[in-house]
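The opening residue of the first sequence carries number 0 in numbering that gives the first Met the number 0; numbering runs sequentially from there. A virtual CB, placed ideally from N, CA and C, is assigned to each residue, including glycine.
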Amino acid sequence: MKPGSRTGFVHEVDYISEDGNPVIRVFGRTEDDNSFVSLCTEFKPYFYCLPGPGYSSKQLLKRILSPEVSMPAHVIEASLEKKMRLGDEITLVRVTLDSPREVRSSRSLLRQIPAVEEIFEKDILFKRRFIIDTGINPLGAVVLGNKTVTNRWPVDIVYENGVPECREEYLHASDLRVLALDIEVACRAGLPNPQLDPIIMIGLADSKGTRILSYGRSGGDIEICESEGDMIRRFSTIVREGDYDLLLGYNSDSFDLPYLRTRARKNGLRLCLGRDLSELTYQPGSVMGRSIIRGRINIDLYPPVRRMLNLPTYKLSEVYSHLSGREKEELEVGEIRDLWSSGREEDAVSIARYCASDVEATMYIAMEVLPTLIELSKHTKQLLADVARMGQSQMVEWLLIREAHGRGELVPNKPTRTELSRRRRETYEGGYVLEPRKGLQENIVALDFRSLYPTIIVTHNVDISTLDCDCCPEDNVSPTGHHFCRRQEGFIPSILGRLVDRRKEIKVELAEVDPGSPELTRLNAMQSALKILSNSFYGYSGYPQARWYSKESAESVAAWGREYIKMAIAEAEAEGFQVIYSDTDSVFMTIQGAVGTELVVRAMEFLRRINSSLPGDIELEYQGFSPRGFFVSKKRYALISEDGRITTKGLEVVRRDWSRIAKETQRSVLRSILEDGDPSRAAEEVRQAIRRVSERSVPVEDLVISTRMTKTLQSYDADAPHVALAKRLKESGEEIRKGSNIEYVVRKGSGRVGDRAQSVSEARKKDYDIDYYIENQILPPSMRILSSFGYREEDLRYYKTKQSTLDGF
DNA sequence: TACCAGAGGAG
DNA sequence: AAATCCTCTGGTA
Numbered sequence: 000m001k002p003g004s005r006t007g008f009v010h011e012v013d014y015i016s017e018d019g020n021p022v023i024r025v026f027g028r029t030e031d032d033n034s035f036v037s038l039c040t041e042f043k044p045y046f047y048c049l050p051g052p053g054y055s056s057k058q059l060l061k062r063i064l065s066p067e068v069s070m071p072a073h074v075i076e077a078s079l080e081k082k083m084r085l086g087d088e089i090t091l092v093r094v095t096l097d098s099p100r101e102v103r104s105s106r107s108l109l110r111q112i113p114a115v116e117e118i119f120e121k122d123i124l125f126k127r128r129f130i131i132d133t134g135i136n137p138l139g140a141v142v143l144g145n146k147t148v149t150n151r152w153p154v155d156i157v158y159e160n161g162v163p164e165c166r167e168e169y170l171h172a173s174d175l176r177v178l179a180l181d182i183e184v185a186c187r188a189g190l191p192n193p194q195l196d197p198i199i200m201i202g203l204a205d206s207k208g209t210r211i212l213s214y215g216r217s218g219g220d221i222e223i224c225e226s227e228g229d230m231i232r233r234f235s236t237i238v239r240e241g242d243y244d245l246l247l248g249y250n251s252d253s254f255d256l257p258y259l260r261t262r263a264r265k266n267g268l269r270l271c272l273g274r275d276l277s278e279l280t281y282q283p284g285s286v287m288g289r290s291i292i293r294g295r296i297n298i299d300l301y302p303p304v305r306r307m308l309n310l311p312t313y314k315l316s317e318v319y320s321h322l323s324g325r326e327k328e329e330l331e332v333g334e335i336r337d338l339w340s341s342g343r344e345e346d347a348v349s350i351a352r353y354c355a356s357d358v359e360a361t362m363y364i365a366m367e368v369l370p371t372l373i374e375l376s377k378h379t380k381q382l383l384a385d386v387a388r389m390g391q392s393q394m395v396e397w398l399l400i401r402e403a404h405g406r407g408e409l410v411p412n413k414p415t416r417t418e419l420s421r422r423r424r425e426t427y428e429g430g431y432v433l434e435p436r437k438g439l440q441e442n443i444v445a446l447d448f449r450s451l452y453p454t455i456i457v458t459h460n461v462d463i464s465t466l467d468c469d470c471c472p473e474d475n476v477s478p479t480g481h482h483f484c485r486r487q488e489g490f491i492p493s494i495l496g497r498l499v500d501r502r503k504e505i506k507v508e509l510a511e512v513d514p515g516s517p518e519l520t521r522l523n524a525m526q527s528a529l530k531i532l533s534n535s536f537y538g539y540s541g542y543p544q545a546r547w548y549s550k551e552s553a554e555s556v557a558a559w560g561r562e563y564i565k566m567a568i569a570e571a572e573a574e575g576f577q578v579i580y581s582d583t584d585s586v587f588m589t590i591q592g593a594v595g596t597e598l599v600v601r602a603m604e605f606l607r608r609i610n611s612s613l614p615g616d617i618e619l620e621y622q623g624f625s626p627r628g629f630f631v632s633k634k635r636y637a638l639i640s641e642d643g644r645i646t647t648k649g650l651e652v653v654r655r656d657w658s659r660i661a662k663e664t665q666r667s668v669l670r671s672i673l674e675d676g677d678p679s680r681a682a683e684e685v686r687q688a689i690r691r692v693s694e695r696s697v698p699v700e701d702l703v704i705s706t707r708m709t710k711t712l713q714s715y716d717a718d719a720p721h722v723a724l725a726k727r728l729k730e731s732g733e734e735i736r737k738g739s740n741i742e743y744v745v746r747k748g749s750g751r752v753g754d755r756a757q758s759v760s761e762a763r764k765k766d767y768d769i770d771y772y773i774e775n776q777i778l779p780p781s782m783r784i785l786s787s788f789g790y791r792e793e794d795l796r797y798y799k800t801k802q803s804t805l806d807g808f
């Protein structure tokens with residue numbers, strides 16, 4: 000390191016235009032705790048032109064450089080460059096431009112030249128191009144020079160050293176200055192309207208504690224401001240003076256931050272939270288918009304939580320209680336308005352308590368998901384804020400783009416519209432599912448292939464570049480007839496292989512670490528990020544929008560998967576096991592007469608034998624033992640473990656779109672059957688539930704059926720119950736959109752369920768349809784289990800005569 | 001009764 | 001902005 004220079008860690012990267020020239024800005028914090036920005040004016044955007052048939056790359060270069068092509072004034076350089084493309088070396092013309100804004104226009108002009116076959120890498124965002132080409136690691140270290148300018152922005156140090164030198168070292172998450180925020184709005188009716196409804200409180204939490212800003216009301220620990228405007232100004236000051244690196248919210252991208260900006264404007268202010276003092280901007284998106292705070296990491300936790308957790312709803316309170324096991328303070332929207340308008344001190348304190356619990360819950364959730372997001376950022380080498388907004392396919396794609404650049408591989412283009420629709424019509428066969436042996440089963444061993452699809456990709460070298468090579472065609476042919484080269488390691492297999500190996504190492508380390516140590520959290524985050532990434536490659540290769548799309552690869556992986564699982568089933572049966580069920584990569588089996596330990600020992604012997612014949616990394620593992628299980632149909636079963644814990648798959652118990660009474664009744668039926676091994680207690684539970692429904696002693700909450708709108712109201716062809724209700728709700732002025740949860744209770748009467756579906760607030764105990772809840776909610780899920788013991792529906796309707804013949808069961 | 005659209009889950 | 005396989009419901013002809 001040069002004298003006087005120091006190390007900094009990268010938080011954010013963007014660019015601005017100065018006199019039409021791009022200036023890249025790398026924001027972060029130095030190791031001695033000063034925020035910095037490092038400016039780079041040397042980096043320019045570029046793309047590649049591939050010469051068409053009949054043209055050499057030299058001819059194309061000449062054409063591009065010739066004045067009569069009127070090469071856009073913005074081209075500042077063109078040169079030849081060699082790249083690898085699907086295993087072949089090709090020469091392209093690299094065209095460098097003076098500004099990222101001119102990429103689009105220059106690209107269109109160049110495409111008109113007949114010698115240009117196709118243009119590559121023109122749609123890689125400028126800041127991402129910079130990160131990839133310079134080798135900068137987001138959250139990683141850069142060596143900063145010593146050429147500094149001061150007093151330009153409210154960052155501590157400004158460097159003007161051009162491209163920073165990078166180091167393989169990363170910041171500690173605990174070094175980030177984190178601020179979580181949440182606003183409360185006094186809302187007249189319906190959804191908050193930023194034109195009319197003021198913000199009444201701002202909750203802020205950082206490592207030192209929680210602060211609540213408000214105005215016009217005192218009480219508790221509220222920090223009093225003079226007005227809404229003053230409160231917003233105070234908030235901006237706190238962000239700037241605390242010089243936070245990471246701003247967090249829950250739904251903050253689409254709610255809190257744009258709302259703050261609009262209210263600031265209403266008060267004649269500008270919401271300037273950026274490290275360059277710039278105003279917050281809102282960038283609308285096709286699915287969800289994004290709030291931009293320049294120079295700071297801005298994360299809305301809602302999208303990553305939505306992707307990383309599987310929950311019935313994603314309300315802040317639900318997510319918090321799922322992760323922490325604790326409940327948080329709650330207030331209804333109307334309550335906030337009433338408490339605020341009362342003007343009483345204790346009411347303001349109630350709102351403040353609620354606001355504090357929201358912002359603290361946000362911080363709690365962040366601590367749970369950030370470690371994994373940070374690891375994903377390190378692997379994909381994308382900015383943390385971008386990773387938090389990316390889907391799995393995008394993460395895989397950026398990982399591949401970065402690797403491609405390092406290896407001199409040309410990045411394939413995204414599919415054209417016609418290619419995309421062609422790909423969408425292509426289908427292929429997926430995993431194998433064995434029809435289960437239905438009913439109650441005892442002494443079950445579960446086995447599964449460890450990371451089946453990733454290990455198939457690595458072991459069989461499945462890749463576009465290895466597909467149908469000419470050098471070794473007999474060997475390594477998938478059951479779909481596709482051959483993959485053995486001699487040259489494929490692009491994707493080599494990357495995936497590294498991820499899979501790394502995860503294996505971490506799992507070994509994990510086994511040696513003390514429970515409860517901080518090292519455990521870190522290693523867990525590392526392995527979970529690797530798991531997310533490695534499991535995404537197969538789906539990515541079959542994803543029509545993927546740059547490295549390969550139906551042949553996806554199809555071959557699935558076909559090999561079917562072959563291995565069917566082989567495992569056949570071998571198990573040949574060794575005397577009875578296979579009860581199998582889905583994709585798992586097998587459930589038993590041996591007549593063998594119980595507990597003996598069965599497990601036999602299974603282990605079987606594993607040893609089968610694994611010695613399996614190629615490469617492909618490995619069948621012991622998963623667990625269940626004294627009893629009940630199998631209803633494909634993808635629907637329940638198992639009990641030796642310590643009495645029940646896992647249920649696919650059945651109503653685990654579905655969001657059944658009433659609680661239906662799910663709880665089914666749950667108790669399963670429990671009784673799996674614990675007792677006979678159905679008499681279970682049948683009695685069903686009769687009790689039916690009796691309670693008939694007597695109207697079931698609370699309305701237990702009758703609510705919740706269904707999600709998966710598309711916009713107008714695009715529905717069929718009038719399902721939730722759609723019919725949604726249409727009525729819209730009539731009465733409610734906001735219904737894609738993603739809305741429609742909750743309803745079925746009222747008594749005749750006709751369609753949809754016509755009788757009423758929203759929860761209107762529903763009354765005396766109005767619900769007893770018959771519907773017995774016949775359509777309680778009986779079907781219970782009968783799926785009890786019918787296998789000979790029960791009929793009339794045996795369970797409590798008011799009917801019990802069938803004496805069944806008492807002997 | 002047969003069929004379809006739609007929802008949500010498994011792996 | 002990952003894939004396919006699968007079951008079940010309510011509505012309609």
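Pop quiz: residue i and residue j are said to be a contact at Cβ under 8 angstroms. What is the actual Cβ separation, rounded to whole angstroms?
| i | j | result |
| --- | --- | --- |
| TYR47 | GLU120 | 6 angstroms |
| ILE491 | TRP547 | 7 angstroms |
| LEU785 | VAL668 | 7 angstroms |
Would residue i be called buried (16 or more neighbouring beta carbons within 10 Å of its own) or exposed?
| i | result |
| --- | --- |
| SER464 | buried |
| GLN802 | Note that GLN802 scores a pLDDT of 44, beneath 50, so its modelled location is shaky and nothing firm can be said. |
| GLU608 | The question names Glu, yet the displayed sequence has Arg at residue 608. Burial call: exposed. |
| LYS380 | buried |
| VAL600 | exposed |
| SER16 | exposed |
| VAL9 | buried |
| PRO52 | exposed |
| ARG295 | buried |
| HIS378 | buried |
| GLN58 | exposed |
| ARG791 | exposed |
What residue range does the beta strand (DSSP E) around residue i cover?
| i | result |
| --- | --- |
| GLU344 | First-last for GLU344: 344-379, but that is the alpha helix (DSSP H), not the beta strand (DSSP E). |
| ILE298 | 296-299 |
| TYR249 | From DSSP, TYR249 is part of no beta strand (DSSP E); its letter is neither H nor E. |
| GLY139 | 139-143 |
| ILE50 | Here residue 50 turns out to be Pro, not Ile, going by the sequence shown. Residues 45-50. |
| GLU167 | 164-169 |
| LYS81 | 74-84 |
| LEU446 | 438-448 |
| SER781 | Looking at the DSSP string, SER781 is not in any beta strand (DSSP E); the run it does join, the alpha helix (DSSP H), is 778-785. |
Can residue i and residue j be called in contact, C-beta distance under 8 angstroms?
| i | j | result |
| --- | --- | --- |
| GLY202 | ALA347 | no |
| GLU240 | ILE335 | no |
| LEU245 | VAL157 | no |
| LYS43 | THR95 | yes |
| VAL25 | VAL141 | yes |
| GLU562 | LEU466 | no |
| PRO197 | ARG128 | no |
For the candidate residues the options, whose alpha-carbon lies nearest to that of residue i?
| i | options | result |
| --- | --- | --- |
| ILE135 | ARG796, CYS39, GLN713 | CYS39 |
| ASP229 | PHE254, SER251, GLY267, GLY248 | GLY267 |
| GLU674 | SER640, CYS470, LEU270 | SER640 |
| ILE400 | ILE130, VAL745, ASP794 | ILE130 |
| PHE629 | THR646, ILE617, GLU620, GLN282 | THR646 |
| LEU259 | ILE23, ARG233, ASP275 | ARG233 |
| ARG659 | GLY592, PHE536, ILE777, PHE448 | ILE777 |
| TYR767 | ARG695, SER714, SER760 | ARG695 |
| ARG210 | ARG306, GLY324, TYR353 | TYR353 |
Can you tell me where the alpha helix (DSSP H) holding residue i begins and where it ends?
| i | result |
| --- | --- |
| ASN523 | 517-533 |
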